[in-house]
Amino acid sequence: MKFETSKPIYIQILDIMFELVLSKVWKENERIPSIRDLATSLEVNPNTVARAYKEFEDRQIIQNQRGVGYFLKSGGYEKALNLKKEEFIKDQIPLIAKSLNILQIPISEFYITLKKTMENSFQNEKYQ
Numbered sequence: 000m001k002f003e004t005s006k007p008i009y010i011q012i013l014d015i016m017f018e019l020v021l022s023k024v025w026k027e028n029e030r031i032p033s034i035r036d037l038a039t040s041l042e043v044n045p046n047t048v049a050r051a052y053k054e055f056e057d058r059q060i061i062q063n064q065r066g067v068g069y070f071l072k073s074g075g076y077e078k079a080l081n082l083k084k085e086e087f088i089k090d091q092i093p094l095i096a097k098s099l100n101i102l103q104i105p106i107s108e109f110y111i112t113l114k115k116t117m118e119n120s121f122q123n124e125k126y127q
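Using numbering that gives the first Met the number 0, count along the sequence shown one by one with no gaps and you end on 127.
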């Protein structure tokens, strides 16, 4: 797998892990790939994956059951979702606000464009 050079690999692996949880590929109370298996599939050093797993353990998203393997904890999906929401609000919203200001885009215009974009992207859901 190709990784960006501007961002630590373990952080990119964390992003992949968040995506696997939030897309429900990894399900609560079910075993997830071992460190070695994920390292092999991503073509990275197992120590790099171990660092990402440790971060997920510290955030109480996964747990290691000695002799059995790693599992997505009950409530792990909700924990991951809340962490990513907080990260988005903290990191992305200020960047969007700054760009709107610099480009002199009124919030009303942005809202209309955002709503249309979301409706087109997620045709089965309504956003209000």
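Backbone N, C-alpha and C define an ideal beta-carbon position, used for all residues, glycine too.
Where the beta strand (DSSP E) through residue i begins and ends
i, result
"ILE61", "61–64"
DSSP-derived helix/strand/coil call for residue i
i, result
"ILE21", "Residue 21 is actually Leu in this sequence, not Ile. Helix, per DSSP."
"ARG139", "Here the chain comprises residues numbered 0 to 127, so residue 139 is not present and cannot be evaluated."
"LEU102", "coil"
"GLY68", "strand"
"MET117", "helix"
"ARG58", "coil"
"SER5", "coil"
"ASN44", "coil"
"GLN11", "helix"
"MET0", "coil"
"GLN91", "helix"
Presumed contact (8 angstroms Cβ cut-off) between residue i and residue j, rounded CB distance
i, j, result
"ILE12", "PHE70", "Contact doesn't hold; Cβ gap of about 18 angstroms is too wide."
"ALA51", "MET0", "Their Cβ separation, rounded to whole angstroms, is 13 angstroms, which puts ALA51 and MET0 out of contact at 8 angstroms."
"GLU27", "LYS72", "7 angstroms"
"VAL48", "ALA38", "4 angstroms"
Residue i: first and last residue of the uninterrupted alpha helix (DSSP H) it sits in
i, result
"GLU85", "75–86"
Within-9 angstroms CB hit, residue i to chain D
i, result
"ASN63", "The structure shown contains no chain D; it is built from a single protein chain."
Cβ pair count under 8 angstroms reaching 3, the segment 98–117 against the segment 54–68: Flag = no, the segment 98–117 and the segment 54–68 do not touch.
Evaluate the contact criterion for the segment 64–82 versus the segment 17–24: three or more CB pairs, one atom per stretch, below 8 angstroms. yes
Does the segment 1–16 touch the segment 39–49, meaning 3 or more C-beta pairs lie closer than 8 angstroms? The answer is yes - the segment 1–16 touches the segment 39–49, with three or more Cβ pairs under 8 angstroms.
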